[in-house]
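Following: one structure in structure tokens, then a few remarks.
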Amino acid sequence: MEALSTKPKPVSVISAYLRSRRIRGLILLLASLFGLYYIFLTTMSPSQGGVVLNGEGEPMDIMQDTSSRSSQDSPFVTLEKRIQRLIDTNTVMVFSKTYCPYSAAAKKLLHSYTNDFQVLEVDLEEKGADIKTILTKISHGHSTFPSIFFRGKSIGGKDDLQALENKGLLKTQLESMGVSMLQ
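Count along the sequence shown from 1, then add 1480; that gives the number in the working numbering.
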């Protein structure tokens, strides 16, 4: 007859943690919180595209139907046409992200001269990644935010806008485009 050993079997640290009720409870709690966060994001995102703001913070509708829309366009092509329409119809168009400090600085610099510009907050859009891809294509490789357009032409981002300001050209350029300036 063999003697019974009172020595415990070696257990890995991970195994011990996973057996702990506290750890399992924390894992369950975290999983629940992430699930609720995901549900919140999917239900709160705009179902028809999202919110576009003009320079004064007023919403614009970028997802409205256009008369030139072909019934055979893919959703990506339709979105691309709508983004291009925003760029073409607004003298100054800024594609921004709400949490981006460079976007905030660019909008602040523009606001020091005018409120006559449009802003699309890309991170609030349902198809934000697609919008970034489209903007990179339209602006010939500029892939960061903000992405700023003057009269349909990409001028780049915050650093490019600041360079215009440093050269004393920003105010002149805005005035020459017919943008209503602040007094």
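Glycine is no exception: its CB is placed at the ideal position from the N, C-alpha and C atoms.
**Message:** Using a Cβ-Cβ cutoff of less than 7 Å, which residues in the same chain neighbour Ser-1525 once the five nearest sequence positions on both sides are dropped?
**Reply:** On the sequence shown, position 45 is the one that residue 1525 refers to. Residue placement at Ser-1525 cannot be trusted, given a pLDDT of 44 that sits under 50; what the coordinates show is reported in the next sentence. For Ser-1525, where only same-chain residues beyond five positions count, the Cβ hits under 7 Å are Glu-1606.
Could you tell me the distance, in whole angstroms, from the CA atom of Glu-1560 to the CA atom of Ile-1614?
Here residue 1560 refers to the residue found at position 80 of the sequence shown. Here residue 1614 refers to the residue found at position 134 of the sequence shown. If you take the alpha carbons of Glu-1560 and Ile-1614, they lie about 6 Å apart.
**Q.** Nearest residue (CA-CA) to Phe-1625, options Gly-1515, Lys-1577, Ser-1512
**A.** Position 145 of the sequence shown, counting from 1, holds the residue named residue 1625. Nearest C-alpha to Phe-1625: Lys-1577.
Measure the CB-CB distance between Ser-1660 and Thr-1569 and report whether it falls below 8 Å. By 1-based counting over the sequence shown, the position of residue 1660 is 180. By 1-based counting over the sequence shown, the position of residue 1569 is 89. Cβ distance not < 8 Å, so Ser-1660 and Thr-1569 don't count as in contact.
TODO: Work out the CA separation of Leu-1566 and Leu-1510 for me, nearest whole Å.
DONE: Numbered from its first residue, the sequence shown carries residue 1510 at position 30. Numbered from its first residue, the sequence shown carries residue 1566 at position 86. So the alpha carbons of these two residues sit roughly 41 Å apart.
**Sequence-distant residues of its chain with Cβ nearer than 7 Å to Leu-1732 (five each side left out)** = Since the first residue shown for the chain is 1481 and the last is 1663, residue 1732 is missing from the structure and cannot be characterised.
Item checked: Span separating the alpha-carbon of Thr-1571 from that of Ile-1635 -> Working through the sequence shown from its first residue, we reach residue 1571 at position 91. Working through the sequence shown from its first residue, we reach residue 1635 at position 155. Looking at the two C-alpha atoms, the distance is approximately 12 Å.
Point to revise | Alpha-carbon spacing of Pro-1555 relative to Asp-1610, whole angstroms | key: For this step, residue 1555 is matched to residue 75 along the sequence shown. For this step, residue 1610 is matched to residue 130 along the sequence shown. When rounded, the distance between both Cα atoms is 10 Å.
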